[in-house]
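Below is one structure, written out as structure tokens, with a few remarks after it.
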Amino acid sequence: MIIREAKFMMSNSRVDQCPPPTLPEYAFIGRSNVGKSSLINMLTGHKGLAKTSSLPGKTQLINHFLINDNWYLVDLPGYGYAKVSKDSRATWGKMINYYMRNRENLACVFVLIDSRHSPLAPDLEFMEMLGAEGIPFVMVFTKADKQSSSRTQQNITAYLQKMQQSWDELPRHFITSAEEKTGREEVLGFIEEINQQLAQQAENA
1 MIIREAKFMM
11 SNSRVDQCPP
21 PTLPEYAFIG
31 RSNVGKSSLI
41 NMLTGHKGLA
51 KTSSLPGKTQ
61 LINHFLINDN
71 WYLVDLPGYG
81 YAKVSKDSRA
91 TWGKMINYYM
101 RNRENLACVF
111 VLIDSRHSPL
121 APDLEFMEML
131 GAEGIPFVMV
141 FTKADKQSSS
151 RTQQNITAYL
161 QKMQQSWDEL
171 PRHFITSAEE
181 KTGREEVLGF
191 IEEINQQLAQ
201 QAENA
């Protein structure tokens with residue numbers, strides 16, 4: 001997929017104020033400081049599209065970006081640790097959960113996981129919630145350039161083995177590095193694949 005255009009549309013905290021649900025939507029979410037903004041900028045080829053910050057918890061709203069006038073990329077607030085009040089975290093949690101359950105054009109959630117860590121409870125719990133709600137998702141392991149590929153593979157295997165304890169079928173996963181542009185073609189190819197499936201379904205409906 002070639003990204004010809006990526007533009008910021010809006011930020012808000014309410015699903016009913018999101019853009020009309022007429023195009024497929026792909027949401028990106030992960031623990032604070034997982035490298036989400038850097039990954040979004042790498043995928044779209046627009047350096048400053050998503051605001052990067054060294055401070056965890058910078059994203060606090062649902063941010064919509066229109067890609068190629070064809071689909072939405074959504075940047076969601078992180079879960080887990082962030083230097084914000086408990087009240088703010090609870091508000092984000094409600095907002096994210098409501099969005100996930102009620103956004104009718106949500107095609108897939110990209111759960112970002114820092115590849116430098118062995119399985120972490122917040123990631124596993126979040127994916128359990130998505131599975132329980134029947135929300136389609138894939139795993140995106142970030143920051144693969146920060147360590148050896150064997151170490152990355154070791155941590156990914158540990159995640160998949162942990163998930164096999166409670167999942168019949170494991171989600172697809174991608175290995176990425178915003179620095180080295182690793183995984184860009186694979187992730188965009190996957191989005192294109194889903195977009196084509198959705199277009200065919202709409203034709204046959």
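Letter 61 of the sequence shown, counting from 1, is numbered 61 in UniProt numbering, and no numbers are missing.
All C-beta atoms in this analysis are idealised placements derived from N, C-alpha and C, irrespective of residue type, glycine included.
On a predicted model such as this, the values are computed, not experimentally measured, just so you know.
Could you tell me which whole alpha helix (DSSP H) segments of length 4 or greater appear in the region 112–197? 121–133, 149–164
Determine the closest residue to alanine 144 out of Gln201, Leu120, Arg184, with distance taken between C-alpha atoms. Arg184
Work out the CA separation of valine 74 and serine 118 for me, nearest whole Å. 27 Å
What span of residues does the beta strand (DSSP E) with asparagine 12 cover, start to end? 6–12
Look up aspartate 75 in the DSSP assignment and give the residues it is bridged to. Phe28, Asn63
For alanine 202, which residues of its own chain have a beta-carbon under 8 Å away from its beta-carbon, when the five flanking residues on both sides are left out? none
Please state whether DSSP places alanine 199 in a helix, a strand or coil. helix
If you run the structure through DSSP and keep just helix, strand and coil, what is leucine 39? helix
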